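These protein sequence lines are chains A and B, in that order.
Counting in our numbering, the first sequence runs without a single skipped number right up to 1593 at its last residue.
Counting in our numbering, the second sequence runs without a single skipped number right up to 839 at its last residue.
In this text, a Cβ means the ideal position worked out from N, Cα and C, and glycines have one as well.
The structure displayed is predicted, hence computed values, not measured ones.
First comes the structure, then the notes that go with it.
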Amino acid sequence: AQSVTQLGSHVSVSEGALVLLRCNYSSSVPPYLFWYVQYPNQGLQLLLKYTTGATLVKGINGFEAEFKKSETSFHLTKPSAHMSDAAEYFCAVSESDSWGKLQFGAGTQVVVTP
Amino acid sequence: GAVVSQHPSRVICKSGTSVKIECRSLDFQATTMFWYRQFPKQSLMLMATSNEGSKATYEQGVEKDKFLINHASLTLSTLTVTSAHPEDSSFYICSARDFGQTNQPQHFGDGTRLSIL
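In structure tokens, the structure reads:
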């Protein structure tokens, strides 16, 4: 069984400040990990993913995340927030042998203030 | 890049009506598609996995006779909400995996907002 916990349902950051969204997972096999962004009334857009290899992964829009097996974490960061980063962010886990079924976290709403 | 088209984007209908939602992969073949449901300010909950040419696999607690899934081709899966009632109002999102790309993420449609009056 797999699960995802996102700490903080709402995060408010100032424009230009660091964005940090936390994600912890549990998985009985090596996980594949994903971060998705959702804008209002839209589907999900992939920001980045970790499958194997380098544990620091870079994604679109300046986001990156680091897979830390010892901490079972996959936190998402962006050095400098932009107003367009305001959205809902979902962390997801897929067990590598489960044909792609995703388990999503509860989501974190990011608000960017001027 | 890969695109998944979902139609319609919004449906408003009376209670008792059956509603069909289409999910198409536009530039790749998808042997597997997924249907999710999302309540306001909540996460996505997987409803079922749609497999081309075979019966869908439903998650626990999802009524298969209520949510009919058909995946007749490698580019199209449909979800039919039968005899819809107000409690079925929700945001439904499909996703698809590229048949030719192993270990690649799902591509999501833009969702269908279903409102039952």
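CB of residue i within 8 Å of CB of residue j, strictly
i, j, result
"residue 779 of chain B", "residue 747 of chain B", "no"
"residue 1526 of chain A", "residue 1515 of chain A", "yes"
"residue 838 of chain B", "residue 806 of chain B", "yes"
"residue 1592 of chain A", "residue 1485 of chain A", "no"
"residue 811 of chain B", "residue 830 of chain B", "no"
"residue 1500 of chain A", "residue 1558 of chain A", "no"
"residue 1483 of chain A", "residue 1583 of chain A", "yes"
"residue 1556 of chain A", "residue 1567 of chain A", "no"
"residue 1565 of chain A", "residue 1495 of chain A", "no"
"residue 768 of chain B", "residue 756 of chain B", "yes"
Residue i Cβ short of 7 Å to the ligand COA heavy atom set
i, result
"residue 838 of chain B", "This structure lacks the ligand COA; in fact it carries no ligand of any kind."
According to DSSP, residues forming a beta bridge with residue i
i, result
"residue 769 of chain B", "For residue 769 of chain B, which the question treats as bridged, DSSP gives no partner whatsoever."
"residue 1588 of chain A", "A:1489, A:1567"
"residue 829 of chain B", "B:818"
"residue 784 of chain B", "Answer is none; residue 784 of chain B lacks a bridge partner."
"residue 1518 of chain A", "For residue 1518 of chain A, which the question treats as bridged, DSSP gives no partner whatsoever."
"residue 731 of chain B", "DSSP output for residue 731 of chain B lists no bridge partner at all."
"residue 1556 of chain A", "A:1499, A:1543"
"residue 763 of chain B", "Its beta-bridge partners do not exist; DSSP assigns none."
Buried versus exposed, by CB contacts within 10 Å (16 or more), residue i
i, result
"residue 705 of chain B", "In the structure as shown, chain B begins at 723 and stops at 839. Residue 705 of chain B is therefore absent and cannot be evaluated."
"residue 1535 of chain A", "exposed"
"residue 787 of chain B", "exposed"
"residue 1562 of chain A", "exposed"
"residue 741 of chain B", "buried"
"residue 1509 of chain A", "exposed"
"residue 1522 of chain A", "buried"
"residue 1531 of chain A", "exposed"
"residue 819 of chain B", "buried"
"residue 828 of chain B", "buried"
"residue 1528 of chain A", "buried"
"residue 1571 of chain A", "buried"
"residue 1480 of chain A", "exposed"
DSSP-derived helix/strand/coil call for residue i
i, result
"residue 808 of chain B", "helix"
"residue 1550 of chain A", "helix"
"residue 1594 of chain A", "One cannot answer for residue 1594 of chain A here, as it falls past the ends of chain A, which runs 1480 to 1593."
* To do: Decide if the segment 1548-1561 of chain A is in contact with the segment 724-735 of chain B; the criterion is three or more beta carbon pairs, one per stretch, under 8 Å apart.
  => Touching, no.
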